[in-house]
Amino acid sequence: MAALLEVSRLGKSFRGVRAVTDVSFAVAEREIVSLIGPNGAGKTTVFNLIAGVLRPDTGRVRLASRDITGLRPDQICAAGIARTFQLVKPFPELTVLENVVVGALRGTPDVAEARAAARRLLDVVELGEQADVPAAHLTLPDRKRLEVARALATGPKLLLLDEVVAGLRPTEADRMVRALRRLHDEAGLTILLIEHVMRAVMALSDHIVVLHHGEKISEGTPEHVVRDPAVLGCYLGQGVR
Amino acid sequence: MNLETVANALASGLLTGLVYGLSALGLSVIFGVIRIVNFAHGEMMVVGMFIALVLFRRLGFDPLLSVPVVAAVMFAFGYALQHVIIRRVAHLPDYMQFLLLAALGLILASGSLVIFGPDAQGVQVAYATDSVALGMLVVDKPRLYAAAVALVVATVLLVFFKYSATGRAIRACADNYLGAKIVGLNVDRLYALTFGVGAACLGAAGCIILLLVDVHPYLGPAYTLLGFVIVIIGGLGSLYGALLGGMLIGVSEALAAVVIQPSLKTAVSFGLLILVLLLRPQGLLGRAVQ
Amino acid sequence: MMLERLFGDLTTAGRATLGAFLAILLALPFVASSYVNTVAIICLYLAFLGQAWNLMFGFAGLLSVGHALFVGLGAYTSAYLFVRHQVPPVIGILASVALAGTAAALIGSLAFRFAIGGVYFALLTIAFAEFTRILVDHAKFLGGTEGLFLPVGATSRQGIDLIHIRGWPAMYYYLILALCLGALLLCRLLLASRMGFYWRAIRDNPDAAAAAGVPIFRYRMYAVMISAALAGIAGVFYAFYYNNLFPEQVFGIERSVEVTLAPIVGGVGTAFGPILGAFVLTPLGESLSALVRWLQAQGIIAKQVRVDGVKQLFFGLAVMGIVLAQPRGLWPWICRRLRLFRPPSGQI
Chain U
1 MAALLEVSRL GKSFRGVRAV TDVSFAVAER EIVSLIGPNG AGKTTVFNLI
51 AGVLRPDTGR VRLASRDITG LRPDQICAAG IARTFQLVKP FPELTVLENV
101 VVGALRGTPD VAEARAAARR LLDVVELGEQ ADVPAAHLTL PDRKRLEVAR
151 ALATGPKLLL LDEVVAGLRP TEADRMVRAL RRLHDEAGLT ILLIEHVMRA
201 VMALSDHIVV LHHGEKISEG TPEHVVRDPA VLGCYLGQGV R
Chain P
242 MNLETVANAL ASGLLTGLVY GLSALGLSVI FGVIRIVNFA HGEMMVVGMF
292 IALVLFRRLG FDPLLSVPVV AAVMFAFGYA LQHVIIRRVA HLPDYMQFLL
342 LAALGLILAS GSLVIFGPDA QGVQVAYATD SVALGMLVVD KPRLYAAAVA
392 LVVATVLLVF FKYSATGRAI RACADNYLGA KIVGLNVDRL YALTFGVGAA
442 CLGAAGCIIL LLVDVHPYLG PAYTLLGFVI VIIGGLGSLY GALLGGMLIG
492 VSEALAAVVI QPSLKTAVSF GLLILVLLLR PQGLLGRAVQ
Chain H
532 MMLERLFGDL TTAGRATLGA FLAILLALPF VASSYVNTVA IICLYLAFLG
582 QAWNLMFGFA GLLSVGHALF VGLGAYTSAY LFVRHQVPPV IGILASVALA
632 GTAAALIGSL AFRFAIGGVY FALLTIAFAE FTRILVDHAK FLGGTEGLFL
682 PVGATSRQGI DLIHIRGWPA MYYYLILALC LGALLLCRLL LASRMGFYWR
732 AIRDNPDAAA AAGVPIFRYR MYAVMISAAL AGIAGVFYAF YYNNLFPEQV
782 FGIERSVEVT LAPIVGGVGT AFGPILGAFV LTPLGESLSA LVRWLQAQGI
832 IAKQVRVDGV KQLFFGLAVM GIVLAQPRGL WPWICRRLRL FRPPSGQI
């Protein structure tokens, strides 16, 4: 399978503090890859570098062999990458449906068409009943699902999910995982996700990349990574067998 | 145009600039602590000017002597304003506060118009036409005295903020609102005090500038804009920056009047404002603002 | 079809209210005195201008306290072309719109490139307006401080000449009414379109909007330029209605502040808010002025009390009252109370 996303030698410093150093990995088409690591490892920074929110100091990002390094976030979206935010960012004054319509308008300038597409997506994430509720009134789990729906509405080739399961109760988390699995299996969506909740990571991932202090310290299948001493060391401290 | 003209313009500009700086101090203090941009700045100064005018007309007080009285009155006004009205919109987006203060400016200006009429009015002090010779410089006495009093008031203010307990408490609020609350400071009262101090500054500056300029109800916006130019160039929130900016603007206005054309001097100030807003919004001495 | 799209979210009460309002406005010149007509023209002018301003603030999120700049550019351009080069305003208006739009594009792109927002942007607009005022003050070819005067002949206030914008007072009335309603329709159309969705998204959360593929700079610029273009058109009307232009009066900051009053009181970010605001503030202001003059005639109030001062005082208090009590403006409140809109749209 061809690499859909290629991240090579990404580096970023903030006023002398190196947040991300020489990080390289690839995400193949139709793969689900998880980016894990302790807090402060640089995972969201990597996301922001890919999504165009930050400009890398070094390295390149390629989507289907096209260099997208340094493009603006809306250009990245046009290229085919959609993302969610760790702290959800709904459009509070717009209704749930209208939130998704904004995403759907990426694919078509016609508002009626966008509305129809948005409705279909709301059903996929099981928010159809709340279509006319102002987004500000939603609970956190619903907001997370709205965020996913809006991202999907842009018709992406690659979906970046930033801690989409964090803060959800186990039943809610399972529900989200099932929805993501369905999206992947049925629509062939490629997903790169940041996650702390290991049950989601293990349930979803084909491949895991581990970051620590801004560097990649391990990668591989879930089974491999879970046994890697380097990984265990960074989570539990040195000297753990 | 010779060296003497330029030197005199410089001197005159510096002195006027000190008074501008005092008024800008008021704006800077309020923004630095409460994070509110006082769009009624000029109008409040004009109110100070009118009070000084009344004191001169009724009681014969030289405006420079009225400074403590006017400052006290304006302090009370500012304190009440913050405590009763401005506090209520603290939670709203900052453009709402801006609009509130703009409305206040409108109220103050139109109130002045109703009470005092549209004509320019001024004071005539005994020494109005006297001047002092310092080498090749010839300086008007009113301008010299005005600058001196402005310097005194500014010094009092700076000393207050640096050394007094209340001043330090106010600075603590400015640095760290939450921290100040946790430590037990009564932030609401300190904010009201700060606005009062800022307003007192404006009252004092208004008093002083009456010596140099006639007052009329439409003077407000010009001084508001001047205040902003100074404070943005000097740096919002920086007290020394306000004084420095004031002197810079005073000098540039004076030089522009001599070199280009008097009526274009404000245009030069605005040009500077545009440049600074674009290139370095935090000003010369200010901290970077979002 | 189109009407459904534009007004489909109104309830029966809403449609009835709008219809009644429209009917009154259309009939006004036939039933009211010339004084009332003049006041109505001012109302509609401020309503139109308020809608223009609202586009920049309510939809692009940029507070402009320098809108008099665009009005002035529109006014002076068409007036100058007419007085010096005999270009009729129906053509001159194109130049006005182009100039106003370009100025806005310049200010907008400067502001965005240098990331100026909020209060700093407001100050930037003030600075540009003042700068232009001073420049025009010194521009002899535009009349400078002495003013630019449009030729007004004996027959200028008769007939209907839309090409030169001369005619009965009623013609001016219907012209500004058409502009105002046109702006309303335009706003509703835009809001219902992709542009409207993108504007609201940018207003609510720019980061999320960018992530959803909205080109923020481009769409903000659209709002800025349309806002300025409409203000420029208002300027053309102003020039050919009042027939004299003075830099202080046209570009002055008082004018810029005046533009903002109706939208703030009526409802920022709504299409109809500025219209409501204008029709509340202007008649009340005029009534207040008339009352003061009457009280002066009776000797109850001193003769030297300035009537325009009292009017401005009232406006200031009105805005302060709105900001403190109903920051969203009167229109959203009325919509809720009278249920003029079907949920979820709620207002606009």
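Chains as they are written, first to last, in the numbering used here: chain U, 1 to 241; chain P, 242 to 531; chain H, 532 to 879. Backbone N, C-alpha and C define an ideal beta-carbon position, used for all residues, glycine too.
Tell me the rounded alpha-carbon separation between residue i and residue j.
i: P:K403; j: P:R409; result: 6 Å
i: H:G800; j: U:G107; result: 27 Å
i: U:R241; j: U:V148; result: Residue placement at U:R241 is poorly supported in this model, since its pLDDT is 47, which falls under 50; the coordinates are not used for a value here.
i: P:V247; j: P:P359; result: 35 Å
i: H:T608; j: H:G798; result: 31 Å
i: U:A64; j: U:I81; result: 11 Å
i: P:I473; j: P:L518; result: 7 Å
i: H:R859; j: H:G808; result: 12 Å
i: U:A131; j: H:P863; result: 22 Å
i: H:G877; j: U:V7; result: Below a pLDDT of 50, predicted positions are generally treated as unreliable, and H:G877, at 46, falls in that range; the measurement from the model is reported next regardless. Distance between the alpha carbons of H:G877 and U:V7 is about 46 Å.
i: H:Y703; j: H:G766; result: 14 Å
i: P:C442; j: P:V270; result: 9 Å
i: H:I879; j: H:L861; result: Unreliable placement is indicated for H:I879, whose pLDDT of 46 sits below 50; no coordinate value is reported for it.
i: H:S627; j: H:I657; result: 20 Å
i: U:V125; j: U:E186; result: 14 Å
i: P:L520; j: P:L453; result: 33 Å
i: H:L815; j: H:D735; result: 34 Å
i: H:P778; j: H:I665; result: 8 Å
i: H:T543; j: H:L871; result: 7 Å
Along the beta strand (DSSP E) that carries residue i, what are the first and last residues, could you check?
i: U:T21; result: V17 to A28
i: U:I194; result: T190 to I194
i: U:F47; result: U:F47 -> not in any beta strand (DSSP E); alpha helix (DSSP H) instead, spanning K43 to A51.
i: U:R83; result: I81 to R83
i: U:F14; result: A3 to F14
i: P:A374; result: S372 to L375
i: U:D185; result: Per DSSP, U:D185 belongs to no beta strand (DSSP E); it is in the alpha helix (DSSP H), P170 to A187.
i: U:E215; result: E215 to G220
If the criterion is Cβ atoms closer than 8 Å, does the pair residue i and residue j meet it?
i: H:V755; j: H:A833; result: no
i: H:L776; j: H:G678; result: yes
i: H:F771; j: H:I696; result: yes
i: P:S353; j: H:G847; result: no
i: P:L268; j: P:A388; result: no
i: U:C77; j: H:A743; result: yes
i: P:Y464; j: P:H282; result: yes
i: P:V308; j: P:A445; result: yes
i: P:A372; j: P:V379; result: The question names Ala, but residue 372 of chain P is Ser in the sequence shown. Their beta carbons are under 8 Å apart, which means P:S372 touches P:V379 by this criterion.
i: P:L263; j: P:V470; result: no
i: U:T21; j: U:E195; result: no
i: U:V111; j: H:A723; result: yes
i: H:S787; j: H:V621; result: no
Could you tell me the boundaries of the alpha helix (DSSP H) in which residue i lies?
i: P:A463; result: G461 to G475
i: H:E789; result: I784 to G797
i: P:V295; result: H282 to L300
i: P:L268; result: L244 to I275
i: H:D839; result: V838 to A856
Bridge partners for residue i per DSSP, in chain order?
i: H:G815; result: Going by the sequence as given, residue 815 of chain H is Leu instead of Gly. Answer is none; H:L815 lacks a bridge partner.
i: H:P863; result: In DSSP, H:P863 forms no bridge with anything.
i: U:A58; result: In the sequence as displayed, the identity of residue 58 of chain U is Thr instead of Ala. Answer is U:G11.
i: U:I208; result: U:S34 and U:G220
Report whether the distance from the Cβ of residue i to the nearest heavy atom of the ligand FAD is below 7 Å.
i: P:L345; result: Of the ligands one can find in the structure shown there are none, so the ligand FAD has no counterpart to examine.
- Give, in chain order, every residue of the stretch 341 to 364 of chain P whose Cβ lies closer than 9 Å to some Cβ of chain H. If the cut-off is 9 Å between Cβ atoms, the stretch 341 to 364 of chain P has L341, A343, A344, L345, G346, L347, I348, L349, A350, S351, G352, S353, L354, V355, I356, G358 and P359 near chain H.
- Check distances from the C-beta atoms of the stretch 479 to 505 of chain P to those of chain H and list, in chain order, the residues that come in under 9 Å. With the criterion set as a beta carbon lying under 9 Å from some beta carbon of chain H, the members of the stretch 479 to 505 of chain P are Q502, S504 and L505, in sequence order.
- Query: When Cβ atoms are compared, which residues of the stretch 740 to 752 of chain H fall closer than 8 Å to chain U?
  - Reply: Those residues of the stretch 740 to 752 of chain H that come within reach of chain U (Cβ to Cβ, closer than 8 Å) are A740, A741, A742, A743, G744, V745, P746 and I747.
- Scan the stretch 668 to 693 of chain H for residues whose Cβ lies nearer than 8 Å to a Cβ of chain P and list them as they occur along the chain. So the list reads D668 and H669, given in the order they occur along the chain.
- Which residues, in order along the stretch 402 to 423 of chain P, keep a beta-carbon less than 8 Å from a beta-carbon of chain H? Contact annotation: in the stretch 402 to 423 of chain P, no residue has its CB less than 8 Å from a CB in chain H.
- Residues of the stretch 139 to 155 of chain U with Cβ closer than 7 Å to any Cβ of chain H, in chain order: For the stretch 139 to 155 of chain U, the residues whose beta carbon sits under 7 Å from a beta carbon of chain H are, in order, R150 and T154.
- Message: Beta carbons nearer than 8 Å to chain U: which residues of the stretch 565 to 581 of chain H have them?
- Response: Correct list: empty, as no residue qualifies.
- Which of the residues in the stretch 631 to 653 of chain H, read from start to end, lie with their CB under 7 Å from any CB of chain P? From the stretch 631 to 653 of chain H, only L641, F645, I647, G649, V650, Y651 and A653 have a Cβ closer than 7 Å to chain P.
- Compile a chain-ordered list of the residues in the stretch 830 to 856 of chain H whose CB is closer than 7 Å to at least one CB of chain P. Correct list: Q835, V836, R837, G840, V841, Q843, L844, F846, G847, L848, V850, M851, V854 and L855.
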